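Enquirer: If you count the sequence shown from 1, you need to add 115 to reach our numbering.
For every residue, glycine included, the Cβ atom is placed at its ideal position computed from N, Cα and C.
Keep in mind it's a predicted model, so treat the numbers as computed, not measured.
First the structure, which I've put down as structure tokens, then a few questions once you've had a look.
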Amino acid sequence: MIAAVLSGFALAIAAPGIVRLSRGASGWLLALLPAGLALYFARFLGSIAAGRTVVVSYPWVPDLGVSLSFYLDGLSLLFALLICGIGALVTIYAGRYLNGHPHLDRFYIYLLFFETSMLGLVLADNLFLMFVFWELTSLASFLLIGFEHEREAARSAALQALLVTGMGGLALLAALVLLAQVGGSSELSTLIRSGRTIEGHPLYLPILVLILIGAFAKSAQFPFHFWLPNAMEAPTPVSAYLHSATMVKAGVYLLARLAPVLGGSEAWRSLVTGAGMITMLLGALMALWQRDLKRILAYSTISALGTLVLLLGLDTLASVKAAMLFLLTHALYKGALFLVAGAVDHETGTRDVTQLGRLARAMPATAVAAGLAGLSMAGLPPTLGFISKEVLYEAQLHAPPPGVLAVIAGVLANGFLVAVAGIVAIGPFLGRRAALSKKPHEVSFGMLIGPLLLAAAGLVGGVFPKALLEPLLSASVRAIRPEATALELKLWPGISPVLALSGLTLGVGAFAYAARGFWHRTSWLGEAIDRWGPQGGYGLLLAGLNGVARLQTRLLQNGYLRFYLMVLIATTVGLVGSTLLLRGGEIEVLGQLRNVRPHEWIIAVTILAAALMTTVTSSRLAAAAALGTIGYGVALFYVLFSAPDLAMTQFAVETLTVILFVLVVYRLPRFAPLSTRKARVRDALIALLAGGMMTVLVLTALAIPRESQLAAYFMENSWTQAHGRNVVNVILVDFRGLDTLGEITVLAVAAIGIYALLRLRLEKTQK
Numbered sequence: 116m117i118a119a120v121l122s123g124f125a126l127a128i129a130a131p132g133i134v135r136l137s138r139g140a141s142g143w144l145l146a147l148l149p150a151g152l153a154l155y156f157a158r159f160l161g162s163i164a165a166g167r168t169v170v171v172s173y174p175w176v177p178d179l180g181v182s183l184s185f186y187l188d189g190l191s192l193l194f195a196l197l198i199c200g201i202g203a204l205v206t207i208y209a210g211r212y213l214n215g216h217p218h219l220d221r222f223y224i225y226l227l228f229f230e231t232s233m234l235g236l237v238l239a240d241n242l243f244l245m246f247v248f249w250e251l252t253s254l255a256s257f258l259l260i261g262f263e264h265e266r267e268a269a270r271s272a273a274l275q276a277l278l279v280t281g282m283g284g285l286a287l288l289a290a291l292v293l294l295a296q297v298g299g300s301s302e303l304s305t306l307i308r309s310g311r312t313i314e315g316h317p318l319y320l321p322i323l324v325l326i327l328i329g330a331f332a333k334s335a336q337f338p339f340h341f342w343l344p345n346a347m348e349a350p351t352p353v354s355a356y357l358h359s360a361t362m363v364k365a366g367v368y369l370l371a372r373l374a375p376v377l378g379g380s381e382a383w384r385s386l387v388t389g390a391g392m393i394t395m396l397l398g399a400l401m402a403l404w405q406r407d408l409k410r411i412l413a414y415s416t417i418s419a420l421g422t423l424v425l426l427l428g429l430d431t432l433a434s435v436k437a438a439m440l441f442l443l444t445h446a447l448y449k450g451a452l453f454l455v456a457g458a459v460d461h462e463t464g465t466r467d468v469t470q471l472g473r474l475a476r477a478m479p480a481t482a483v484a485a486g487l488a489g490l491s492m493a494g495l496p497p498t499l500g501f502i503s504k505e506v507l508y509e510a511q512l513h514a515p516p517p518g519v520l521a522v523i524a525g526v527l528a529n530g531f532l533v534a535v536a537g538i539v540a541i542g543p544f545l546g547r548r549a550a551l552s553k554k555p556h557e558v559s560f561g562m563l564i565g566p567l568l569l570a571a572a573g574l575v576g577g578v579f580p581k582a583l584l585e586p587l588l589s590a591s592v593r594a595i596r597p598e599a600t601a602l603e604l605k606l607w608p609g610i611s612p613v614l615a616l617s618g619l620t621l622g623v624g625a626f627a628y629a630a631r632g633f634w635h636r637t638s639w640l641g642e643a644i645d646r647w648g649p650q651g652g653y654g655l656l657l658a659g660l661n662g663v664a665r666l667q668t669r670l671l672q673n674g675y676l677r678f679y680l681m682v683l684i685a686t687t688v689g690l691v692g693s694t695l696l697l698r699g700g701e702i703e704v705l706g707q708l709r710n711v712r713p714h715e716w717i718i719a720v721t722i723l724a725a726a727l728m729t730t731v732t733s734s735r736l737a738a739a740a741a742l743g744t745i746g747y748g749v750a751l752f753y754v755l756f757s758a759p760d761l762a763m764t765q766f767a768v769e770t771l772t773v774i775l776f777v778l779v780v781y782r783l784p785r786f787a788p789l790s791t792r793k794a795r796v797r798d799a800l801i802a803l804l805a806g807g808m809m810t811v812l813v814l815t816a817l818a819i820p821r822e823s824q825l826a827a828y829f830m831e832n833s834w835t836q837a838h839g840r841n842v843v844n845v846i847l848v849d850f851r852g853l854d855t856l857g858e859i860t861v862l863a864v865a866a867i868g869i870y871a872l873l874r875l876r877l878e879k880t881q882k
């Protein structure tokens, strides 16, 4: 299992070599892996349909409770088959769509990186492993959206997608940490078996809200929906794979996976259903105002994602069945339509629906794929889209409040999407002839196989749903609702209110399609919603963030080392000092001063006076002498406290330092005051506060009675283990030898740098 999940990473590494050696057949060769993985996972269908699950676990970070554990049930199997199956077709399509592109090898690295990350996400059993893959999909999406990085629009869209989904990822991480603590396990399979026991916990609502933020940001739910249409700056294979069939459904997967744990509450129903309903209506309406094929499909995808979230929010057995069926249906027809849009753009040079028409004669196979996918999107028999729409209305009719409201919203949204299906699947191929910049012709087989197979799957699945789809969909429903019975799918449900709603939907769609000129004339309304809605809010937040960054850069990163030191010291004093005052307790620190002997006071006062002299004198020679006084005073303390070796070292170093200072700075002019009196007072105050804080810390540490175990340890082991009688030397050379080596390395690097600067100065002088 782990080899199957992670094999895509290995292929991504080998992709550049395959692209260079394959001579144009790279798409077909690289597609062998996702196709093989689809077959590998398909072989589990029988056992999964029988109610069994597959759990595989390998230790990873056991101290943190993180393992490489994977969990295959009906839900993860459905997603895995979609990821691998559609991934294989998109890989083939991309090889022809980007044929001759100088960075095709890089594209395949990103695409395989994403595919593997998405597969790991839906199969991960450990919460934190799932989060790792969750973030990897965001990173891969960023790279794919910004693939054409020379365009500013692509870079901006990639950054927007990364920021929005990354923000959701941070919320998700916090939720997963809380969920693991409350649930007592970080394994999804364990949490699912425990049922809805977390609902009564005080942290249930914060966990739910954080989970929803992460899921809504990933699956483009209102108010995070705006990043998805902008992501259409990516090449069409990316839009077809990531932003219609797989990545944008990661949030839906998360909601479905955690529904047995977090679902069922009033908060779940109101928050999830409300967001789904708003997103469903807004996406369908915004799609009608667009002219670009990919943006039309993007907004219709937002509407479909809202429908899925709405169904999961209703939290009934019927709504879960409808959600799983619609998830599969949408992936098939929307993936096909995106690939068709790419083929049209590839051959005509435009995606503007008002400039496209009569392409069926020049591109007959593409027109067939578009027509079949459009029928499924419109929910017309005998396609799978018709069955899906019937099941959807059945679930909404029998759902608790707001079931009726959901039906009304569903009829309007689905009616608008019927019009969208006509605009993208009929207009470009059967509409009025339009003047094109180049003469179109049918695309190559590599670009046809994907949309044809996906569209045909929607047709065959509609004609034979029982034999082809019921086992898989029933298993996926049982993964969410264990009490579910087998899912029954049939093409003709009979005369019923549901059929009447389907007819009403087609009527709304026909009216909206006939009024497409009105939608185009009023497209300024959609632009206004973007400008003043969440999209505009994102722009304001980003501008504000950049403004704050520029302000703090001017204040805190102005290039003056003394200012950096002042901020660092002041911050440390503030944080440590406030902690001492608030949490230090009543520790007797002044009592330590009573044990200081008179000669120690004399040495300490001398050191302080010398330090003050160093800072206020205007003579470099006097400053050097004062520094030497400080060093000799410290050496005297070493002598008084029985450290003669340290004292000898200190004496030698201080003597040499003073001599060097005198030789170097004796002939330099006196110090010149470069700071104002006010600045010097400020600096003196900060220095006194820092020194006072360190004094209090030392006295506090000395006031706490502790028996040191290190001294006895070093005394006992200095000779037996290090063969040295000088304990201090043994500590420096053996017990903390790596630390000492690091210090020596720093000094060596500094010496090399000084030597290089001196040589540079000498060479300039000679020239």
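1. Can you find at least 3 beta carbon pairs, one from the segment 586 to 594 and one from the segment 428 to 441, that sit closer than 8 angstroms?
2. Within this structure, are the beta carbons of Val526 and Leu619 separated by less than 7 angstroms?
3. Would you mind listing the beta strand (DSSP E) stretches within the segment 161 to 237 that are 3+ residues and don't spill past its ends, in chain order?
4. Relative to the C-alpha of Ser191, which residue among Leu568, Met492, Leu370, Leu697 is closest?
5. Decide if Phe544 is buried, meaning its Cβ has at least 16 other Cβ atoms within 10 Å, or exposed.
6. Under 7 angstroms between the Cβ atoms of Trp249 and Leu238?
7. Can Tyr223 and Leu454 be called in contact, C-beta distance under 7 angstroms?
8. In its own chain, which residues sit with a C-beta less than 7 angstroms from the C-beta of Ala480, not counting the 5 before and 5 after it?
9. What's the call for Ser503, buried or exposed, on a 16-neighbour Cβ count within 10 Å?
10. Can the beta-carbon of Thr444 be found less than 7 angstroms from the beta-carbon of Leu499?
11. Would you mind listing the alpha helix (DSSP H) stretches within the segment 123 to 168 that are 4+ residues and don't spill past its ends, in chain order?
12. Quick check on His838: buried or exposed, where buried means 16 or more other Cβ atoms within 10 Å of its Cβ?
13. I'd like to know whether the C-beta atoms of Val691 and Ala805 end up nearer to each other than 7 angstroms.
14. For Arg211, is the classification buried or exposed, using 16 other Cβ atoms within 10 angstroms of its Cβ as the cut-off for buried?
15. By how many angstroms is the C-alpha of Ala157 removed from the C-alpha of Thr206?
16. Residue ranges of each alpha helix (DSSP H) run of no fewer than 4 residues wholly in the segment 705 to 769, ordered along the chain?
17. Can you check whether the CB of Ala514 is closer than 7 angstroms to the CB of Thr431?
18. Just confirm the distance between the C-beta atoms of Ala413 and Leu306, as a whole number of angstroms; I'd bet it's less than 8 angstroms.
19. Label Met392 either buried or exposed according to how many other C-beta atoms from any shown protein chain fall within 10 Å of its C-beta, with 16 as the threshold for buried.
20. Pick out whichever of Pro350, Ala536, Thr810, Gly494 has its Cα sitting closest to the Cα of Leu695.
21. Drop a sphere of 10 angstroms on the beta-carbon of Gly310, count the other beta-carbons inside from all chains shown, and report buried for 16 or more, exposed for fewer.
22. Taking DSSP as the reference, what is the three-state secondary structure of Asn673?
23. With distances taken from CA atoms, which of Pro350, Leu742, Leu144 is nearest Ser256?
24. May I ask you to verify whether the segment 155 to 175 touches the segment 332 to 347, counting CB pairs closer than 8 angstroms and requiring at least 3?
25. Look at Trp383 and Ser638 and say whether their C-beta atoms are less than 7 angstroms apart.
26. Which runs of the alpha helix (DSSP H) at least 4 residues long sit entirely within the segment 627 to 681? Give them in chain order.
27. Hey, is the segment 523 to 537 in contact with the segment 614 to 629, meaning 3+ C-beta pairs nearer than 8 angstroms?
28. So, for Gly421: in the same chain, excluding its five sequence neighbours on each side, which residues have a beta-carbon less than 8 angstroms away from its beta-carbon?
29. Between Tyr675, Ala150, Thr388, which has its C-alpha nearest Pro84's C-alpha?
30. Is the segment 544 to 553 in contact with the segment 471 to 480, if contact means three or more CB pairs nearer than 8 angstroms?
31. Output needed for Ala738: all residues of its chain with C-beta closer than 7 angstroms, excluding positions within five of it in sequence on either side, in chain order.
32. State buried or exposed for Met116, treating a residue as buried only when at least 16 other CB atoms are found within 10 Å of its CB.
33. Can you look up Glu250 in the DSSP assignment and give me helix, strand or coil?
34. With C-beta atoms as the reference, is Ala475 less than 7 angstroms away from Pro555?
35. Write down every uninterrupted run of the alpha helix (DSSP H) in the segment 417 to 499 whose length is 4 residues or greater and which is fully enclosed by it, in chain order.
36. Kindly give me the distance between the Cβ atoms of Ala940 and Ile322, rounded to whole angstroms, as I take these residues to be in contact under 8 angstroms.
Expert: Straight from the coordinates:
1. With the rule of 3 Cβ pairs closer than 8 angstroms, the segment 586 to 594 counts as touching the segment 428 to 441.
2. For this step, residue 526 is matched to residue 411 along the sequence shown. For this step, residue 619 is matched to residue 504 along the sequence shown. Taking the C-beta atoms as reference points, Leu619 is found nearer than 7 angstroms to Val526.
3. 169 to 176, 181 to 187
4. Taking the first residue of the sequence shown as position 1, residue 191 is located at position 76. For Ser191, the nearest C-alpha among the options comes from Leu370.
5. Position 429 of the sequence shown, counted from the first residue, corresponds to residue 544. Buried, by the Cβ-count rule.
6. Walking along the sequence shown from the start, residue 249 turns up at place 134. Walking along the sequence shown from the start, residue 238 turns up at place 123. No. Outside cutoff.
7. Locating residue 223 in the sequence shown gives position 108, where the first residue counts as 1. Locating residue 454 in the sequence shown gives position 339, where the first residue counts as 1. It is not a contact, given that the beta carbons lie outside the stated cut-off.
8. Sequence index remark: in the sequence shown, residue 480 carries index 365 (1-based). Shown here for Ala480: same chain residues with a beta carbon closer than 7 angstroms to its own, the five before and five after excluded, namely Glu557, Leu563, Leu567 in chain order.
9. As a position in the sequence shown, residue 503 is number 388, starting the count at 1. Flag for Ser503 reads buried.
10. Your numbering for residue 444 matches position 329 in the sequence shown. Your numbering for residue 499 matches position 384 in the sequence shown. Yes. Within cutoff.
11. 141 to 145, 147 to 157, 160 to 164
12. Residue mapping note: residue 838 aligns to position 723 of the sequence shown, counting from 1. Burial state of His838 is exposed, judged by a 10 Å Cβ sphere holding fewer than 16 other Cβ atoms.
13. Numbered from its first residue, the sequence shown carries residue 691 at position 576. Numbered from its first residue, the sequence shown carries residue 805 at position 690. Result no, Cβ atoms of Val691 and Ala805 do not sit closer than 7 angstroms.
14. Walking along the sequence shown from the start, residue 211 turns up at place 96. By the beta-carbon neighbour count (other beta carbons within 10 angstroms, threshold 16), Arg211 is buried.
15. Counting from 1 along the sequence shown, the entry for residue 206 is found at position 91. Counting from 1 along the sequence shown, the entry for residue 157 is found at position 42. Near 19 angstroms, if we compare the C-alpha coordinates of Ala157 and Thr206.
16. 713 to 731, 735 to 755
17. On the sequence shown, position 316 is the one that residue 431 refers to. On the sequence shown, position 399 is the one that residue 514 refers to. The answer is yes: Cβ separation under 7 angstroms.
18. Position 298 of the sequence shown, counting from 1, holds the residue named residue 413. Position 191 of the sequence shown, counting from 1, holds the residue named residue 306. Contact doesn't hold; Cβ gap of about 34 angstroms is too wide.
19. Here residue 392 refers to the residue found at position 277 of the sequence shown. Looking at its Cβ environment, which holds 16 or more other Cβ atoms inside 10 Å, Met392 is buried.
20. Numbered from 1 along the sequence shown, position 580 holds the residue referred to as residue 695. Nearest option by C-alpha distance: Thr810.
21. If you number the sequence shown from 1, residue 310 lands on position 195. Label assigned to Gly310: exposed.
22. Counted from its first residue, the sequence shown places residue 673 at position 558. Three-state result, Asn673: coil.
23. Sequence index remark: in the sequence shown, residue 256 carries index 141 (1-based). Measuring from the Cα of Ser256, the nearest candidate turns out to be Pro350.
24. Contact annotation: the segment 155 to 175 does not touch the segment 332 to 347, with fewer than three C-beta pairs closer than 8 angstroms.
25. Counted from its first residue, the sequence shown places residue 383 at position 268. Counted from its first residue, the sequence shown places residue 638 at position 523. Between Trp383 and Ser638, the C-beta spacing is not below 7 angstroms.
26. 631 to 636, 638 to 647, 649 to 671
27. yes
28. Here residue 421 corresponds to residue number 306 of the sequence shown, with the count starting at 1. Correct list, in chain order: Gln336, Phe337, Ala390, Gly391, Met392, Ile393, Thr394, Met395, Leu396, Leu397, Gly398, Ala528.
29. With the chain covering only 116 through 882, there is no way to say anything about residue 84.
30. yes
31. Stepping through the sequence shown from its first residue, residue 738 is reached at position 623. Here the set comprises Thr729, Thr732.
32. Here residue 116 corresponds to residue number 1 of the sequence shown, with the count starting at 1. Result: buried.
33. Translated into the one-based positions of the sequence shown, residue 250 becomes position 135. The answer is helix: DSSP assigns Glu250 an H, G or I state.
34. Here residue 475 refers to the residue found at position 360 of the sequence shown. Here residue 555 refers to the residue found at position 440 of the sequence shown. No, Cβ-Cβ distance for Ala475 and Pro555 is not below 7 angstroms.
35. 432 to 463, 479 to 493
36. Outside the displayed span of the chain (116 to 882) sits residue 940, for which this structure offers no information.
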